[in-house]
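S.K.:
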DNA sequence: AAGCTACGTCGATT
DNA sequence: AATCGACGTAGCTT
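Residue numbers (full-length UniProt numbering): 1 to 252.
(1) Alpha carbon to alpha carbon, how far is residue 71 from residue 227?
(2) Please name the residue in 200, 223, 170, 169 whose C-alpha comes closest to that of residue 184.
(3) Examine the Cβ distances between the stretch 112-129 and the stretch 165-172 and report whether three or more of them are shorter than 8 Å.
(4) If you pair each beta-carbon of the stretch 142-150 with each one of the stretch 194-208, do three or more pairs fall below 8 Å?
(5) Between the Cα of residue 93 and those of 112, 109, 229, 117, spot the shortest distance and give me the residue it belongs to.
(6) To the nearest angstrom, how far is it from the Cα of residue 224 to the Cα of residue 141?
(7) Cutting at 7 Å between CB atoms, please list the residues of its own chain near residue 109, excluding the five before and the five after it.
(8) Per DSSP, which residues does residue 90 bridge with? Please list them.
(9) With a cut-off of 8 Å on the beta carbons, I'd call residue 160 and residue 181 a contact; round off their distance for me.
(10) Under 9 Å between the Cβ atoms of residue 153 and residue 198?
(11) By alpha-carbon positions, which one of 214, 174, 135, 158 ends up nearest to residue 192?
(12) Is DSSP giving residue 225 helix, strand or coil here?
(13) Measuring alpha carbon to alpha carbon, tell me which of 40, 172, 175 ends up nearest residue 105.
(14) Threshold first: 3 residues or longer. Then list the beta strand (DSSP E) segments lying entirely within the stretch 120-208, N to C.
(15) Spell out the partners DSSP gives residue 218 in its beta bridges.
(16) Compute the minimum distance between the beta carbon of residue 211 and the heavy atoms of the ligand ADP, and state whether it is under 8 Å.
(17) Please report how far the alpha carbon of residue 136 lies from the alpha carbon of residue 219, in whole angstroms.
(18) Out of 98, 187, 102, which has the shortest C-alpha to C-alpha gap to residue 121?
(19) Once the 5 residues before and after residue 91 are set aside, which same chain residues still bring their CB inside 7 Å of it?
(20) Measuring straight from C-alpha to C-alpha, what distance separates residue 134 and residue 115?
(21) Can you round the beta-carbon distance between residue 194 and residue 156 to whole angstroms, since I take them to be within the 8 Å contact cut?
(22) Where does residue 229 land, buried or exposed, given buried means 16+ other C-beta within 10 angstroms?
(23) With respect to the alpha helix (DSSP H) encompassing residue 109, which residues constitute its N-terminal and C-terminal limits?
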């Protein structure tokens with residue numbers, strides 16, 4: 001589905017200037033700049049609607065794709081898997097998608113993906129002998145929910161966990177990001193992180209600081225995955241797709 | 001009853 | 001106008 005519509009306009013290696021603010025839709029869109037794409041995808045499609053997703057073939061045999069199971073200290077694991085099932089990165093040379101074995105490695109790659117483009121040979125970093133001649137690990141067919149991540153997000157502090165939870169299709173937002181501290185506290189905004197660190201200077205002494213956190217959410221590959229917002233206050237016309245609200249059937 | 005998760009909301013921002 | 005950021009909460013889980 002990826003149109004080879006690339007324009008040679010790639011300005012890879014965004015200047016050091018500013019990591020974040022540099023990215024616009026252009027950097028995000030896979031058609032444009034394919035040199036630094038990181039993607040995570042949800043293998044399950046948020047439980048709600050469990051379409052008939054033929055569980056696809058294993059990515060590539062013996063990869064320890066072990067996802068850190070939700071460490072709910074409350075035992076129960078209502079959710080079998082965290083929202084994200086696999087992490088992939090696209091080779092800047094052959095454009096094939098490569099599965100990254102662990103979230104840690106994925107975050108490591110992501111942090112500097114703009115400066116250090118990923119190429120198949122780098123799979124050695126996780127002891128995998130790979131070249132651009134090898135068939136791709138997976139393709140963006142429509143069988144999964146793909147989330148295009150934002151480049152250059154700081155690595156999660158050791159001992160902490162950053163989790164992206166993709167919402168169900170049709171929701172008003174695509175996903176949410178949560179951080180869990182080593183102590184097990186879940187935090188869901190920079191405001192909460194800030195407060196938490198203030199209340200627990202222990203971490204700050206350990207070297208943890210705000211710059212290591214980012215609640216930037218990935219965006220869905222599927223364009224219409226997220227429901228559009230209701231209607232703006234200024235707009236007079238309502239969305240014709242208003243829920244089947246009971247019609248004041250005057251004719252009755 | 002209490003804890004969580006997933007989702008809606010809405011002001012702020014781009 | 002679209003997206004982001006932060007947070008309130010319904011309702012499910014423990």
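Built from N, CA and C at the ideal position, the CB exists for glycine as well.
M.R.: Let me spell this out:
(1) For residue 71, the pLDDT reaches just 34, beneath the cut-off of 50, and the residue's location in the model is therefore unreliable, although a value from the coordinates is still provided. C-alpha separation (whole angstroms): 31 Å.
(2) 200
(3) no
(4) no
(5) 117
(6) 15 Å
(7) 38, 89, 100, 118
(8) 97
(9) 6 Å
(10) no
(11) 214
(12) coil
(13) 40
(14) 145-148, 161-166, 175-180
(15) Partner(s): none; residue 218 has no beta bridge.
(16) Absence of the ligand ADP is noted for the structure shown, with no ligands found whatsoever.
(17) 22 Å
(18) 98
(19) 98, 118, 119, 120, 132
(20) 24 Å
(21) That pair is no contact at about 16 Å.
(22) exposed
(23) 103-111
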